[in-house]
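> Residue 6 in my numbering sits at position 6 of the sequence shown; the count goes up by one each step and never skips.
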Amino acid sequence: MAGIAPLLTAYLILVGLILGSFINLAADRLPRRESLMRPRSHCRSCGRQLNAVDLLPVLGYMLRGGRCATCRSPIGAFSPVVELTAGACMALAIAWLGLWPGAVIGLGLVALWGLAVTGLAMRRRLAA
Ligand SMILES: [Zn+2]
1 MAGIAPLLTA YLILVGLILG SFINLAADRL PRRESLMRPR SHCRSCGRQL
51 NAVDLLPVLG YMLRGGRCAT CRSPIGAFSP VVELTAGACM ALAIAWLGLW
101 PGAVIGLGLV ALWGLAVTGL AMRRRLAA
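#1: Tell me which residues share the same chain as V53 and place their Cβ nearer than 7 Å to its Cβ, disregarding the 5 neighbours each side in the sequence.
#2: Verify the contact flag: R64, CB atom, against every heavy atom of ligand 1, threshold strictly below 7 Å.
#3: Report the residue ranges of all alpha helix (DSSP H) runs contained in full by the region 66-110; include only those spanning at least 4 residues, in chain order.
#4: Taking its Cβ as the centre, do 16 or more other Cβ atoms sit within 10 Å of I94, making it buried, or is it exposed?
#5: Tell me which residues pass a beta-carbon proximity test against ligand 1: closer than 7 Å to any heavy atom, given in chain order.
#6: Note down the Cα distance separating L109 from A121, rounded to an integer number of angstroms.
Structure (structure tokens):
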């Protein structure tokens with residue numbers, strides 16, 4: 001059992017980061033009343049469909065220097081922060097509580113973070 005815990009922890013933190021990406025997508029699309037499923041993720045400026053490198057949480061942002069690889073328009077520093085925070089929620093909950101119930105608490109924290117971020121995005125859209 002002990003051998004698999006670090007792998008499982010790494011996997012769960014990755015899940016947290018990927019959920020962070022999804023939070024960014026939701027915060028970007030929900031205020032515009034766009035579908036979360038279609039179209040596939042694309043650059044807002046040039047419309048280029050994002051590939052696997054672009055979609056890597058945090059790492060994709062760093063590899064691209066925070067800009068679209070095609071049109072060089074800035075992605076916004078907020079998106080890797082949202083992803084990192086979601087990953088950190090998971091990491092901290094597991095470090096604090098162990099895999100069980102840390103993973104569940106971590107998911108709960110990520111969900112709250114998602115609600116906060118999308119809620120703020122909706123409000124900003126309404127105010128604009
Ligand atoms: Zn672009």
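The C-beta atom is built at its ideal place from N, Cα and C for all residues, glycine as well.
The relevant details are as follows:
#1: G60 and L63
#2: no
#3: 78-97
#4: buried
#5: C43, S45, C46, R48, C68, T70, C71 and S73
#6: 18 Å
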